[in-house]
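Quick note, the sequence shown lines up with residues -17 to -1, 1 to 740 if you use mature numbering (1 follows the signal peptide of the UniProt record, and there is no 0).
Worksheet for the structure shown next.
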Amino acid sequence: MTAVVVLLTLVATPAAAFLAAEHPMPMPMAMAAPWHAHLRGQQCKNDSALFDKELHKLTLWAVQMFDASAKFPSGVLFGATHALGSYDECLSVSASGAPVRSQYCLARVQLRPSTHLPWGAVNGSADRAARTFRDFIASPVAPKEHEPRIPKHDDDDPGGSVWLKVQRTIIDPSKKRRDVLHWGLCVPASCDRWDVEAHLRAVFTPMGKSMGLEGSISVENCETVDSGPSLGPGAIALIVFLCVFVLFVAIGTTYDLTHSIKDGRKNLDWQPTRREEVLLCFSIYRNLKRLISTTADEHHLKCMHGIKLYSMACVVLGHRLMFSLGSPIHNPEFIEGHYERLDTMLLLNGFIIVDTFFTISGFLVCFLLLTAYSKNVNVPIPILFIHRYVRLTPVYAVVVCVYAMLLQHLGSGPIWADKVGREVARCTENWWANLLYINNYVNTDAMCMFQSWYLSCDMQLFLISVPIASLLWKRPKIGQITLALAIFASVMIPFAVTMLYKLDALLLLYMNTLEDPTVNQTFRFMYAPTHSRGSPYLIGMAFGYFTFLAQNDQLKVSQRTRRTCWWVLSALPVISLLSAWIFYLPGRQYIALEAAFYGALHRVGWSLGISWVVFAVCTGGKGVVKLLLSMKPVIALSRLTYCAFLSHGALQLYSVATIRVPAYMSIFTLLWMTLGDILLAFFVGGLLNLIFESPFLALEKVLIGKKVQKIKGTDEIEQRDLSNQPITVLHQEDIGGPKINHGAQFDGQETYRNMNE
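Rendered as structure tokens:
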């Protein structure tokens, strides 16, 4: 009881006495129960009156509702603009059987200085600063893009006006806006969001006038303990499908273990029938053996496993940064200070790591097709395209369905409706664009699964690359010219797009941008479209071609040249990564030509460095680099990268959408969370692989047929990318057509799934 009295004594301060004439409750107690005369619902008025009465009597349920509401926020000038209150305490009031049901509402309050400031006569400079700020945000003409509006550090003068600091946070994209607050309130459930808005305006208007403030108020979301969505027919159907699939996996695994092992030894006499083979496709025992197996590496491509795995870890780190900085955090000013640091580019320009996977994909497509052609294997290109789609899509479709139908039922929180609700709405509306691999062009600003743009890019580039690789074999001169022209075009197109739209040189990871990056201009026109991402893929193809020639003694590289390339080309990724620093410098004038050059060339530099490492290792390179990239544990884990890529975004989204208070961010915290993300993503990825991906791949072989002649040494390439099993190129007789000489096991699937950023 003493604690409650102290609580109410502290909040009912004399500073709020100015509201006494407006309503009977002191501030901030006046915020707790809607009291405005224009409340639309009679039940809302009655419940609010009862809430007010019981609050003054210190009744437990009423004090809990008041306690659950956020009071005045602290640390706003440091960027802590989210005062979320206690979400769970608020909703628990309804569950306790209180006479008034509670609901949690999240309000958005945007502040600005009013025309007449009570302290203006005392501090003329502050008055002028406030008027400048007010005129700026009220102006119908937005500031020119990229143009710095105030000098650097003008807001750091301790004797200056607070409005200069607030103004800078609006026009400086690297700053978290200080004029927009988010306020969690616990109010009677009988009041709708319009009642709550009217109530807050009535409370804040007189308070704002006394402090020289004006503002706009909106209630973004209100929810009760039972306001969550109910399971629809689609969600129920998906749950049934998942349960049936898991049941098949259990039956298949049990059947496999009981028949393949006899008296503790492998049963060599058992020859499964075709029906049994279908059932065994679901066996975790069999699929797990496939997952952890290693074979000879005739083409020295095992280094791809390490590149893929380590790059996947970096992608998870980059997305953790994106999700965390785009959500409520306690110390934005700490983050803002890191935008000016060179070493922070390792994080802020980390999205360039995705170009590693484009490079690997292009390399493998070209190298493996040329290897197939060199062994007189007929590779029917249309069948290859179909198989690539069939191999990639089933597990992808499962994840998209979970996003659209189940994700919204799996959690809650103050910002759950905003973060997850938005993602669910986008997936419900645009799932088809994902499964057609066109979502990087169609409704890009409402993309389902942020990272899925990569899959669409990779699929589209695959369709382009296969004919070019075929030309390199059948018409080498024409193929070389075509590839060179394609690389040139892939560099010039992003240059032209950046100049035309006056875009940033790269996707700048500012906190305001990361709240919803898909609506950003640079993301829509430069980051996601295939025509802006082709250079790493095509450069990878070129080095795949060089590697094929070198392994067949048609290209010689001297030791002196190798040493030179190690020094020069290995430095290019570092330069590409760190040089983004200049575009984060505050107050720096935007130069379109400079941005266009960087936007066109930084991926080229990165891809050349990665391509050289792959080429050097695949053509006889040895030492610690090859060892680190091709260890057996690395090979096994790398086979899970596709499923880990598909799942990690949902896990990170869930972690930020369920927060109850703003997170404190530091470099240590970021790395700590990333390690957890990696472990959980690969665990969930392993489940997806064993339960969905591997069974689908095995079913495709059994049901369509597998009269193939393997290209020796390519079995193990399968997991180089994001995928698992190799792609099978079938005889046409297997699909009902005339026989065409040979079939081949082609690891294209892995190239396809390279890595989804």
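C-beta: ideal position from N, C-alpha, C; glycine also.
Bear in mind the structure is a predicted one, so any value in this text is a computation, not a measurement.
Would you call the stretch 476 to 490 and the stretch 294 to 302 in contact, with 3 or more CB pairs under 8 Å? The stretch 476 to 490 makes no contact with the stretch 294 to 302: fewer than 3 CB pairs, one atom from each, lie closer than 8 Å.
Rounded C-alpha distance that separates Gly523 from Leu331: About 24 Å.
Is it right to say Thr481 is buried, meaning 16 or more other beta carbons lie within 10 angstroms of its own, or is it exposed? So Thr481 ends up on the buried side.
I'd like to check one pair, Ala181 with Leu22: are the Cβ atoms closer than 8 Å? Result yes, Cβ atoms of Leu22 and Ala181 sit closer than 8 Å.
Report the residue from Ile222, Val449, Ile312 whose alpha carbon sits nearest the alpha carbon of Ser57. Measuring from the Cα of Ser57, the nearest candidate turns out to be Ile312.
Under the three-state reduction of DSSP, which class applies to Lys249: helix, strand or coil? Of the three classes helix, strand and coil, the one that applies to Lys249 here is strand, per DSSP.
Per the DSSP calculation, Glu197 is bridged to which residue(s)? According to DSSP, Glu197 bridges with Arg95.
Residues bridged to Ala66 [DSSP beta-bridge criterion]: Looking at the DSSP output, Ala66 sits in a beta bridge with Trp166.
Could you compute how far the alpha carbon of Met287 sits from the alpha carbon of Val597? Answer to the nearest angstrom: the Cα atoms are 7 Å apart.
Gln391 classed as buried or exposed, judged by whether at least 16 other C-beta atoms fall within 10 angstroms: Burial of Gln391 is indicated by the presence of at least 16 other C-beta atoms within 10 angstroms of its C-beta.
Alpha carbon to alpha carbon, how far is Val208 from Asn423? A direct Cα-Cα distance of roughly 37 Å separates Val208 from Asn423.
Please name the residue in Gln254, Val227, Arg273, His283 whose C-alpha comes closest to that of Leu347. For Leu347, the nearest C-alpha among the options comes from His283.
Could you tell me which of Ala640, Leu634, Asp155, Ser559 sits nearest to Phe665, measuring between CA atoms? Closest by alpha carbon: Leu634.
Tell me whether the beta-carbon of Ala172 lies closer than 8 Å to the beta-carbon of Ser79. The beta carbons of Ala172 and Ser79 sit no closer together than 8 Å.
Determine the extent of the alpha helix (DSSP H) in which Val348 is found, giving its start and end residues. Looking at the DSSP string, the run of the alpha helix (DSSP H) that includes Val348 is 337 to 357.
State the CB to CB distance for the pair Leu680 and Arg374, rounded to an integer number of angstroms; the pair is presumed to be in contact (CB under 8 Å). Confirmed, Cβ separation roughly 6 Å.
For Arg543, report the span of its alpha helix (DSSP H) as first-last. Looking at the DSSP string, the run of the alpha helix (DSSP H) that includes Arg543 is 542 to 561.
Met494: which of Lys40, Cys205, Gly668, Leu308 sits nearest, CA to CA? Selection Lys40, Cys205, Gly668, Leu308 evaluated against Met494 yields Leu308 as nearest (Cα-Cα).
Could you tell me which uninterrupted alpha helix (DSSP H) segments, each at least 4 residues in length, are contained entirely in the stretch 391 to 475, listed from first to last along the chain? Fully enclosed alpha helix (DSSP H) runs of 4 or longer: 399 to 418, 436 to 457.
Can you tell me which residues form a DSSP beta bridge with Ser85? Its beta-bridge partners are Pro171.
Cβ-based burial, Asn503 [other Cβ within 10 Å; buried from 16]: With at least 16 other beta carbons inside 10 angstroms of its own, Asn503 counts as buried.
Using a Cβ-Cβ cutoff of less than 6 Å, which residues in the same chain neighbour Asp30 once the five nearest sequence positions on both sides are dropped? Once the five neighbours on either side are set aside, the close Cβ partners of Asp30 are Val83, Pro171, Ser173.
Helix, strand or coil for Val227, going by three-state DSSP, please let me know. Residue state, collapsed to three classes: helix.
Can you list, in chain order, the residues of its chain whose CB lies under 6 Å from that of Asn204, leaving out five sequence neighbours each side? The answer, listed in chain order, is Leu89, Ala400.
Please name the residue in Gly603, Val557, Val617 whose C-alpha comes closest to that of Leu325. When only C-alpha atoms are compared, the closest one is Val557.
Which listed residue (Lys402, Gly632, Val299, Val337) has its alpha carbon closest to that of Val383: Closest option to Val383, Cα to Cα, is Gly632.
Judging by CA-CA distance, which residue of His302, Glu197, Gly592 is the nearest neighbour of Thr657? Among His302, Glu197, Gly592, the Cα nearest to that of Thr657 is on His302.
Contact set for residue 741: own chain, Cβ-Cβ below 8 Å, skip 5 residues either direction: The question about residue 741 has no answer here: the residues shown for the chain are numbered -17 through 740.
What is the C-beta distance between Arg161 and Leu60, in whole angstroms, given that I count them as a contact (C-beta under 8 Å)? About 6 Å separates the beta carbon of Arg161 from that of Leu60, a gap short enough to meet the 8 Å contact definition.
For Lys272, count neighbouring C-beta atoms within 10 Å of its own C-beta (all shown protein chains included) and say buried if the count is 16 or more, exposed if not. The residue is exposed, with fewer than 16 neighbouring Cβ atoms inside 10 Å.
Just tell me which of Leu682, Val639, Ile674 has its CA closest to the CA of Ser310. Nearest option by C-alpha distance: Val639.
Throw me the rounded Cβ distance for the Met509 and Ser515 pair, which I believe falls under 8 Å. Rounded, the Cβ-Cβ distance is 5 Å, consistent with contact.
What does the Cβ neighbour count give for Leu263, buried or exposed, with the cut at 16 atoms within 10 Å? Leu263 is buried by the Cβ-count criterion.
Assuming Ile565 is part of the alpha helix (DSSP H), what are its boundary residues? If you look at Ile565, you'll find it isn't in any alpha helix (DSSP H); DSSP assigns it neither H nor E.
I'd like the list of long-range same chain contacts for Ile275, defined as Cβ closer than 8 Å, with 5 residues on each side in sequence excluded. Excluding residues within five positions, the ones whose Cβ falls inside 8 Å are Ala619.
Round the Cβ separation of Ala63 and Leu168 to the nearest angstrom and send it over; I've been treating them as touching at under 8 Å. No, Ala63 and Leu168 are not in contact; Cβ-Cβ is about 18 Å, not under 8 Å.
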